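Note that my numbering has the sequence shown beginning at 202, numbered continuously upward. First up is the structure itself, then whatever we jot down about it.
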Amino acid sequence: MAQINSLLCWLVSLPIYGYRLFIRPLLFPCCRFYPSCSAYALEALARFGVIKGIWLMCHRLLRCHPGQPGGIDLVPTKKEKG
């Protein structure tokens, strides 16, 4: 199961790395959040796995719009069971 999750995380990360390599250099540095949305997405995938990582990534992207002031928005810490 862990191998499947790792493979899926890698597959979901590929478009993010593609964006960072090919598209982001063409844009002005204009991210309203810290860390950037792509860094947030990669950290969320690494910390929580595919399902919750994608959910956190989508939630972050939906908050990224001109009416949002932005600021520091860190990936939540993983809660310990027990």
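The beta-carbon is built from N, C-alpha and C at its ideal position, and this holds for glycine as well. It should be emphasised that the depicted structure is a prediction, and the values quoted were computed from it without experimental measurement.
Helix or strand or just coil, what does DSSP make of residue i?
i	result
residue 234	strand
residue 271	coil
Just to check my reading of the structure: residue i and residue j have Cβ atoms closer than 8 Å, yes? What is that Cβ distance to the nearest angstrom?
i	j	result
residue 207	residue 246	With 8 Å as the limit, residue 207 and residue 246 do not qualify as a contact, their Cβ atoms being about 10 Å apart.
residue 222	residue 251	In fact, because the Cβ distance is near 22 Å, the residues do not count as touching under 8 Å.
What's the gap between the Cα of residue i and the Cα of residue j?
i	j	result
residue 234	residue 273	6 Å
residue 255	residue 278	16 Å
residue 169	residue 205	In this structure the chain extends from 202 to 283, so residue 169 is not present and cannot be described.
residue 248	residue 219	21 Å
residue 191	residue 262	The first residue shown for the chain is 202 and the last is 283, placing residue 191 beyond what the model contains.
residue 243	residue 260	14 Å
residue 241	residue 227	20 Å
Starting from the Cα of residue i, find the closest Cα among the options and give me that residue.
i	options	result
residue 239	217, 230, 268	217
residue 258	229, 224, 237, 227	237
residue 253	264, 276, 266, 224	276
- Unbroken alpha helix (DSSP H) runs of length 4 or more, entirely within the segment 205–259: which are they? 238–249
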